[in-house]
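Here's the structure, in structure tokens; my notes come after.
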Amino acid sequence: MGLTLSVLGSGSKGNAALIASSSTRVLVDVGFSHRQLRERLAAVGVRPADLSAVVVTHSHSDHICQSALKMCRKERLTIYCHSHHLPVFLTIPGFRPLNDEGLVRLFEETEFTVGDLALRGFELPHDAPGCNVGLNVLYSDSGRQHKLTIATDLGHLPAAKLSHFVDSDLIMLESNHDLTMLRDSDRPESLKARIRGDNGHLSNAQAAEAIVAIAARSRPGALKQVVLAHLSQECNDADLALRTMRGMLSLYGFPVVAIGLTHQDRPAVFELAAESGVRC
Ligand SMILES: [Zn+2]
Ligand SMILES: [Zn+2]
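Take the sequence shown: its position 188, counting from 1, is numbered 172 in the working numbering, and each next residue is one higher.
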């Protein structure tokens, strides 16, 4: 059995993604109410009690919400967060009891394991208090190692961070907005500037350029699938995001990379098959 990525929902109204091997289930972000989380987990055949651990990427409310923390406490789930997160997370109602009860574990940029998964967080530029992390998930089966990388909120991808993404089988990356749609939207100029800024969100073009740079530095054929995440409902269009990514990959000679979409309102499931590739 390979590894399954079930993106329970992705976007500014809530984020959660389940990474599952046959024996380990890690939930990345808890940005939905406990009711929503339970429903979305049930839709992919998982109960909260089945979770091995939770990892939180940053403090924005679409990634960590008080109601979901109550569920984590009730189910006695271990929550992993970066050491820089802790002072900020302790100000979020519902987090302190988890810490007091020994359910919080801190990580820095070194590998930690949950069941048969190895995880490593790495900091990415985003305007979240504390810090924001991307996540590598490494998994071995049948003598083959799989690498899955998640990076859902980042203003830009610095060259120094490329190495974290290199040789991933699957990358879930935000493709947040189309620059023209953002410019023409009714949003206040200050918000547009924040989204476009170096600590905001990746545009479709930035996401495509980042994936080309990663693919160019990876082993030939290593990158099999890109999953587009955190699409803005107001300032993006799924077809446009897909076309931008596909066009750039074809232009630079990577036409066989599959491209998947995530949704705000429903789960999307992707599989890294044990033998080699990715199915969805
Ligand atoms: Zn977000
Ligand atoms: Zn954010």
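Where a beta carbon is used, it is the ideal one built from N, C-alpha and C, also for glycine.
Closer than 6 Å by C-beta to VAL(-9): which residues in its own chain qualify, once you throw out the five before and the five after it? Chain order, please.
Within the same chain, Cβ atoms closer than 6 Å to the Cβ of VAL(-9) are found at ALA1, THR246 and ALA252, the five residues on either side in sequence being excluded.
Three or more C-beta pairs closer than 8 Å, one from the stretch 33 to 49 and one from the stretch 165 to 174: is that the case here?
Judged by pairs of C-beta atoms under 8 Å, the stretch 33 to 49 does not touch the stretch 165 to 174, as fewer than three such pairs exist.
Would you mind reading off the limits of the alpha helix (DSSP H) that contains SER174?
In the DSSP annotation of this structure, the continuous segment of the alpha helix (DSSP H) that includes SER174 starts and ends at 173 to 180.
Below 8 Å on the Cβ atoms is my guess for ASP170 versus CYS219; work out the distance and round it to an integer in Å.
That pair is no contact at about 10 Å.
Considering only C-alpha positions, which residue in the set SER36, ILE3, SER5 and LEU53 is nearest to PHE16?
Scanning SER36, ILE3, SER5 and LEU53 for the CA closest to the CA of PHE16 turns up LEU53.
Taking only heavy atoms of ligand 2 into account, decide whether any of them is closer than 8 Å to the Cβ of ASP182.
Because no heavy atom of ligand 2 lies under 8 Å away, the Cβ of ASP182 does not count as near it: no.
What does DSSP give as the partner residue(s) for CYS65 in the beta ladder?
Partner(s): LEU90.
At least 3 beta-carbon pairs within less than 8 Å: the stretch 53 to 73 vs the stretch 103 to 122:
Yes, the stretch 53 to 73 touches the stretch 103 to 122.
Buried or exposed for LEU74, please, with buried defined as at least 16 other CB atoms from any protein chain shown within 10 angstroms of its CB.
When all chains shown are included, LEU74 counts as exposed.
Could you give the residue range of the alpha helix (DSSP H) that holds ARG201?
First-last of the alpha helix (DSSP H) with ARG201: 188 to 201.
Can you grab the Cα-Cα spacing for the pair GLY(-7) / ARG203, in whole Å?
When rounded, the separation of the alpha-carbon atoms in GLY(-7) and ARG203 is 30 Å.
Please determine whether the Cβ atom of ASP137 lies at a distance below 8 Å from any heavy atom of ligand 1.
For ASP137, the shortest separation between its Cβ and any heavy atom of ligand 1 lies below 8 Å.
Assumed close pair ASN120, THR133 - CB separation to whole angstroms, cut-off 8 Å
Right, the Cβ-Cβ distance comes to about 5 Å (below 8 Å), so this counts as a contact.
What does the Cβ neighbour count give for ARG89, buried or exposed, with the cut at 16 atoms within 10 Å?
Exposed: under 16 other Cβ atoms inside 10 Å.
Which value, in whole angstroms, describes the spacing of the CA atoms of SER45 and ASN160?
Each residue's alpha carbon lies about 17 Å from the other.
Please classify PHE149: does DSSP put it in a helix, a strand, or coil?
When secondary structure is reduced to three states using DSSP, PHE149 falls in the helix class.
ARG60 - DSSP class collapsed to helix/strand/coil:
Taken through DSSP and simplified to helix, strand or coil, ARG60 comes out as coil.
Grouping DSSP H, G and I as helix and E and B as strand, with all else coil, what is LEU276?
For the chain, the structure presents residues -15 to 264; residue 276 sits outside this window and is missing.
Considering only DSSP beta bridges, list what ARG128 is partnered with.
For ARG128, which the question treats as bridged, DSSP gives the partners ASP125.
To the nearest angstrom, report how far apart GLN20 and ILE48 are at their CA atoms.
About 13 Å.
Taking the alpha-carbon positions, what's the ALA200 to ARG230 distance?
If I take the Cα positions, the gap works out to 15 Å.
Helix, strand or coil at ASN(-1) according to DSSP, with G and I counted as helix
In the three-state DSSP reduction, ASN(-1) falls in the coil class, being neither helix nor strand.
When you compare the CB positions of GLN190 and LYS(-3), do they come within less than 9 Å of one another, or not?
For GLN190 and LYS(-3), no; Cβs fall outside 9 Å.
Nearest to LEU11 (by Cα), restricted to the options ASP182, SER36, GLY99 and ILE155
Ranking ASP182, SER36, GLY99 and ILE155 by Cα distance to LEU11 puts SER36 first.
Excluding five sequence neighbours on each side, which residues of the same chain lie with their C-beta closer than 6 Å to the C-beta of GLY105?
Taken in chain order, the residues that qualify are HIS66, PHE91, VAL117 and LEU119.
Our contact map puts GLY244 next to VAL196 with C-beta atoms below 8 Å; I'd like the distance itself, whole angstroms only.
With 8 Å as the limit, GLY244 and VAL196 do not qualify as a contact, their Cβ atoms being about 17 Å apart.
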